[in-house]
Amino acid sequence: MPVVVALLAGLYNTWNGYLQGQWLSHFGHYPNAWVSEPCFLAGFAVFLGGMAVNITSDNSLRRLRTDPSSEYKIPQGGLFEFISCPNYFGEIVEWCGWAIATWSQSGLAFAVFTFANLVPRAISHHRWYNSKFENYPRTRCAVIPCLL
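Every number in this note's numbering is 4 more than the matching position in the sequence shown, counting from 1.
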């Protein structure tokens with residue numbers, strides 16, 4: 005990974021963490037019962053579901069790299085059967101869950117920015133897979149099952 009990309013990613017995540025922390029500690033006024041409200045519970049469940057998809061998909065990709073051969077392989081299993089980038093899908097779902105759970109402008113902004121960043125990358129990955137592998141499943145979408 006280029007150093008500039010790593011630095012920009014670190015800057016972005018630091019700034020986002022600051023904004024989310026500011027909202028939670030200064031601007032968001034949540035009653036103690038917020039953690040039992042349907043909005044929080046639904047958002048938390050969506051967040052956990054997205055996290056599970058993200059982690060399992062990243063683990064599947066890591067297992068492909070343990071092979072010492074330099075050949076690229078088509079990811080299989082889980083949501084890879086339906087989309088090219090389930091790890092990106094999981095991350096988008098995670099931060100949509102965060103936005104719902106916090107019901108905040110900063111949470112919504114992060115979900116929108118995550119979507120805006122990862123969808124074009126997923127489309128690019130999907131095109132690469134299709135160009136690299138003649139037998140790549142044509143029914144797979146890029147990032148959102150049955151849609152995109």
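Quick reminder that beta carbons are idealized off the backbone N, C-alpha and C, glycines included.
Going by C-alpha distance, which of the options is nearest residue i?
| i | options | result |
| --- | --- | --- |
| V39 | A115, T106, A146, S135 | T106 |
| G32 | F117, S110, V50 | S110 |
| L122 | G94, N63, K77 | G94 |
With residue i as the anchor, note down where its alpha helix (DSSP H) starts and where it stops.
| i | result |
| --- | --- |
| P149 | Run containing P149: none; DSSP gives neither H nor E here. |
| S64 | 42-69 |
| N139 | N139 -> no alpha helix (DSSP H), and no H or E assigned at all. |
| G32 | That residue, G32, is in no alpha helix (DSSP H); it is neither H nor E in DSSP. |
Apart from the five residues on each side of it in sequence, which residues of its chain come closer than 7 Å, Cβ to Cβ, to residue i?
| i | result |
| --- | --- |
| P90 | V57, S61, G82, L83, F84 |
| P151 | First, the amino acid is wrong: residue 151 is Leu here, not Pro. Contacts found: C145. |
| V97 | V50, G53, G54, V57 |
| T18 | none |
| F137 | I78 |
| S64 | P79, G81, G82, F84 |
| L68 | K77, P79 |
Excluding the 5 residues flanking residue i on each side, which residues of the same chain have their C-beta closer than 8 Å to its C-beta?
| i | result |
| --- | --- |
| F114 | N20, L23, Q24, W99, W102, A103 |
| W27 | T106, S108, Q109, S110, G111 |
| C43 | I104, A105, W107 |
| I59 | G94 |
Just to confirm my understanding: we take residue i, look at its own chain, exclude 5 residues before and 5 after, and list those with CB closer than 6 Å. What are they?
| i | result |
| --- | --- |
| N134 | Y140 |
| H129 | S88, C89 |
| Y92 | L122, A126, V147 |
| G47 | G101, I104, A105 |
| P149 | F86, I87 |
**Report entry** Completely contained alpha helix (DSSP H) runs for the stretch 72-113, where each covers 4 or more residues
**Finding:** 90-106
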